[in-house]
Amino acid sequence: MLKILGVSLPAVVLLSGMTVVEPGYAGDVSPVHLPAMLSSKAHSTLLLGMAHAGQVWLAVGAHGVILRSEDEGRQWQQVHTPTSVLLTAVTLADELHGWAVGHEGVILATVDGGRTWVIQHAAEGDDPHKGNPLLAIHAMNNQVAEAVGAYGFVLRTEDGGKTWNNLDNALVNPDQLHFNAITSSATDPASWFVAGEKGQLFHSADAGKTWTKLNSPTDASLFGVSEPVAGELFAYGLGGGLFRSADAGTTWTTLTTGRTEGLNDLQGDRHRLVAVGNGGIILTSEDGGISFTARVLQSREKMDAVLPVKGDAYFAAGEGGIHALDLNSTP
């Protein structure tokens, strides 16, 4: 099962308040190469991915929208992007270099902190993954990054995106199941993880060059895997499944939360962990992930990504755009 559930977009969809495309233009240009429309309402569209480095914050989502902030999320501005496909994830190697990925195998790159973007890759022509979405991307530095997606889609660059090489066979996946997430340990930048359909979990000790399949605590789809604290690995996904491993994925403990909403992201530190998901679900842990407390966003909008800001504040991205989470209220 894909991480993005129930999202079906026509070739070109205009956000409320956008300028209407001239007749004939949309039909003649693939959404891959149709620039995103600029709109004052872009900040409230569906956003699926977030990233930050230094003072730069980015969020990506529907219709090729990319939002950028330099004041820790107090204000967001839409930037020009050369595509209107659904963007699913974004990563920053540093304050200047980063990538965003999305449907149709699109990979966008920036070298100026997200102010401008260029298309480096699209699954078109005779590409065996033609039309398939990329669902996640992770960068180790401004030269090395790896993207994963539907049907075992894996691409890797070691030259800053000048070339993207197919790495499908590096992960044992004979049924071409979907890969939903790729990330690294918060404390070891060379320790990478992939999570996917039917409980797939993989680990790389060499920053994504080679991969080993991990024991999985479930056969349900996993939408993410995180190691926000050294030695504390979490996997999460469909049906509210939340699992914790203290031995690098050899054995797992199932965490009981009393919730069944799908979980899409988990981030934080030793002081607080936060997971977000469908139906506005927010899970917080103050004890390193041993137990979690549930609260629900008032709007019940789905959230796909979460990141800590300074102090105890967190931002989530999802339906309705960016949400500043109130984690001090009574659940």
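Read in order, the letters of the sequence shown correspond to residues 2 to 332 in this note's numbering.
All C-beta atoms, glycine included, are put in the ideal place defined by N, C-alpha and C.
{"query": "Counting Cβ pairs closer than 8 Å, one from the segment 51–61 and one from the segment 89–98, do we hit at least three?", "result": "yes"}
{"query": "Opposite GLN79 in the DSSP bridges: which residues?", "result": "LEU68"}
{"query": "Please report the distance separating the alpha-carbon of GLY232 from that of ALA124.", "result": "37 Å"}
{"query": "Looking only at its chain, what residues have a beta carbon closer than 6 Å to the beta carbon of TRP212, apart from the 5 residues adjacent to it on each side?", "result": "ALA171, LEU172, PHE203, SER205"}
{"query": "Identify every residue that forms a DSSP beta bridge with ASP266.", "result": "VAL277"}
{"query": "Compute the distance between the beta-carbons of GLY115 and ILE67, then report whether it is under 8 Å.", "result": "yes"}
{"query": "Which value, in whole angstroms, describes the spacing of the CA atoms of SER300 and GLY281?", "result": "7 Å"}
{"query": "Give the range of the beta strand (DSSP E) segment to which TRP193 is assigned.", "result": "193–197"}
{"query": "Here's the rule I'm using: 16 or more other beta-carbon atoms within 10 Å means buried, otherwise exposed. How should VAL119 be labelled?", "result": "exposed"}
{"query": "Measure how close the beta-carbons of PRO129 and SER85 come, nearest whole angstrom, since I'm counting them as under 8 Å.", "result": "That belief does not hold up - the Cβ atoms of PRO129 and SER85 are roughly 24 Å apart, past 8 Å."}
{"query": "Check for me: the beta strand (DSSP E) holding ASN181 runs from which residue to which?", "result": "180–185"}
{"query": "Closest by CA to ALA191, which one among PRO218, ALA140, TRP77, SER292?", "result": "ALA140"}
{"query": "In this structure, how does DSSP classify VAL272 when only helix, strand and coil are distinguished?", "result": "It should be noted that the sequence gives His, not Val, for residue 272. Reduced to three states, the DSSP call for HIS272 is coil."}
{"query": "Which of the three DSSP states is assigned to ASP305 in this structure?", "result": "strand"}
{"query": "Which one of SER227, VAL297, ASP169 has the shortest CA to CA distance from LEU178?", "result": "ASP169"}
{"query": "Taking 8 Å as the limit between beta carbons, can you name the residues of its chain near ALA146, skipping five residues before and five after?", "result": "THR92, ALA94, TRP100, ILE138, HIS139, ALA140, ARG157, THR158, GLY162"}
{"query": "Kindly indicate which residue of ILE108, ILE283, VAL275, SER185 has the alpha-carbon position closest to the one of GLU228.", "result": "SER185"}
{"query": "Going straight from the alpha carbon of ASP113 to that of PRO175, what length do you get?", "result": "39 Å"}
{"query": "Do THR258 and LEU243 have their C-beta atoms within less than 8 Å of each other?", "result": "yes"}
{"query": "Who does ASN167 pair with in a DSSP beta bridge?", "result": "LEU156"}
{"query": "The beta strand (DSSP E) spanning LEU51 covers which residue range?", "result": "Note that residue 51 corresponds to Met in the displayed sequence, not to Leu. Unbroken beta strand (DSSP E) run through MET51: 48–54."}
{"query": "Considering only the beta carbon of each residue, do LEU49 and ALA306 sit closer than 8 Å?", "result": "yes"}
{"query": "Determine the direct distance from the alpha carbon of TYR315 to that of PRO309, and round the result to whole angstroms.", "result": "4 Å"}
{"query": "Could you tell me which residues DSSP puts in a beta bridge with ARG296?", "result": "ILE283"}
{"query": "How would you call ASN166, buried or exposed, if buried means at least 16 neighbouring beta carbons within 10 angstroms?", "result": "exposed"}
{"query": "Going by alpha carbons, who is nearest to PRO218 out of GLY238, VAL149, HIS122?", "result": "GLY238"}
{"query": "How is ALA63 classed by DSSP in three states: helix, strand or coil?", "result": "helix"}
{"query": "So the candidates are ASN216, SER292, PHE194; which of them puts its Cα closest to the Cα of ASP207?", "result": "PHE194"}
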